[in-house]
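Under the UniProt record's numbering, think of the first position of the sequence shown as 1, with each following residue one higher. As structure tokens, the structure follows; a few thoughts come after it.
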Amino acid sequence: MKLFHGTYEKTVPIIKPGEFAMSGNNVFDGLFSSPERDIAASHGNPVFIYHVDDDKIAKSRDLDARFQEVYAFLHNELDTADVEEIADRVMWDNNSDIEDFADILSPRLGSDINGAYSWELQRLRGRVAAYLGFDAIEMNDEYGTSYLIVNPQIKDE
């Protein structure tokens, strides 16, 4: 699948997981992208092009099929034993009542501004996909369907 990523940066973004690994505030540990060039361009120019094989893009059902691995990853990542409810939110891209998990989520923005917990849920969804061996994961957002590219080996064309 051809995906587009728009940015105001002049250099090609490179995926580097870790809070301070990328320039700026690395909220998602990956690059959000769209199959629509115009949508990507709404986030800045230039627009960079990435290619991800369709079978390497995770969907909710892929995570659900491997729920035990998702639970194990989140148990370690969040340092909590009670991951079933948050795992359900991560697997199904469901941010309803996400503020209820404020005690175990630690948004990269270091704040509880509107959206920070949802963004952290998206970051965790991406980290789970990477852990399971996927290059990207499908997300529902204000644009419909977007894709978070999580594999650092995926480079701009």
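Glycine included, C-beta positions come from ideal geometry on N, C-alpha and C. Fair warning: this is a prediction, and the values are worked out from it, not measured in the lab.
* beta strand (DSSP E) segments (min. 3 residues) lying fully within the stretch 41–106 -> 47–51
* Alpha carbon to alpha carbon, how far is residue 10 from residue 46? -> Their Cα atoms are separated by approximately 7 Å.
* To do: Put residue 138 into one of helix, strand or coil per three-state DSSP.
  => strand
* What is the residue span of the alpha helix (DSSP H) that residue 118 lies within? -> First-last of the alpha helix (DSSP H) with residue 118: 116–131.
* Got a sec: does the ligand COA put a non-hydrogen atom nearer than 7 Å to the Cβ of residue 34? -> You won't find the ligand COA in this model; it holds no ligand whatsoever.
* Taking contact to mean at least 3 C-beta pairs separated by less than 8 Å, is the stretch 72–90 in contact with the stretch 34–41? -> no
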